[in-house]
Amino acid sequence: MNTFKRWLAVPALLTIALSGTTALSQSTVAVTPDSQPIELRGTSGGSKKSNTCAGNIAPSPNHLIRVTEDTNLRITLQAGGQPALLIRNPAGQDFCVPADSYSGGRIDVPGRWIKGTYSVFVGDRNNGQHPYALSIARN
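Position in the sequence shown counted from 1, then plus 244, gives you the working numbering.
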C-alpha cells in the first residue's frame with residue numbers, strides 16, 4: 245500500500261514541474277557590445293486582444309530583450325499568417341509594426357535602441373497561431 249501512495253505523488257509532482265516550465269517559455273536575452281546575432285523561435289498570436297496593430301498576442305511577452313548599452317540593432321521577424329511585432333520600450337511606450345501584404349510575413353525593424361529591457365510580443369492580426377523566427381543583430 246505504501247508503494248501505491250508514492251505512485252500517486254508522481255503525477256502530482258509531474259504536473260507541478262510541467263506547469264513551472266510553461267511560465268518559463270518567455271525567454272530573456274541580453275544584447276551586449278560583443279553579442280553575436282541571436283535567433284529566437286516561438287508561436288505567434290495568443291488569447292489577448294491587443295489595443296495596437298498587433299491583433300492577438302500572448303498575455304505576457306514572448307521575449308524580453310535586455311540591452312546593456314545604447315546600440316544600433318536590427319530586429320527581424322519571419323512568420324506565417326498575419327504577423328505583427330509589438331515592442332514595449334523601457335519607458336512603457338508601445339511600438340507596433342505589422343507585416344504588409346508584400347513582405348511575405350517578414351518584418352524588419354532597424355534602429356537605435358537605448359539601454360534597458362524591452363518586452364516583445366509576436367502577434368497575429370487574423371487570430372491565428374504560427375511558428376516564427378525572431379533574429380536580433382547589431383546593425
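Note that the Cβ used here is the ideal one computed from N, Cα and C, for glycine as well.
Next item on the list: In the DSSP assignment, find the beta strand (DSSP E) that holds N295 and state where it starts and stops.
Entry: For N295, there is no enclosing beta strand (DSSP E), since its DSSP letter is neither H nor E.
Next item on the list: For my contact list, N306 and G286 are in at a C-beta cut-off of 8 Å; report their separation, rounded to the angstrom.
Entry: Yes, N306 and G286 are in contact; Cβ-Cβ is about 5 Å, under 8 Å.
Next item on the list: Quick one: residues in its chain with C-beta nearer than 6 Å to the C-beta of R318, no 5 flanking neighbours on either side, listed in chain order?
Entry: Around R318: P354, A381, N383.
Check: Cβ of Q373 within 8 Å of Cβ of G349?
Finding: Inclusion of Q373 and G349 in the CB contact set at 8 Å is not warranted, their separation being larger than that value.
Notebook entry, point to check: Is the Cβ-Cβ distance between V311 and Y376 less than 8 Å?
Noted result: It is not a contact, given that the beta carbons lie outside the stated cut-off.
Note to self: Once DSSP output is grouped into helix, strand and coil, what is the label at A274?
What the structure shows: Here A274 carries a strand assignment [DSSP, helix/strand/coil].
Check: Quick one, which of S304, Q326, W357 has its alpha-carbon nearest P334's?
Finding: Comparing Cα positions, the closest option is W357.
Note to self: Helix, strand or coil for I358? Go by DSSP, reduced to three states.
What the structure shows: In this structure, I358 counts as coil in the three-state DSSP scheme.
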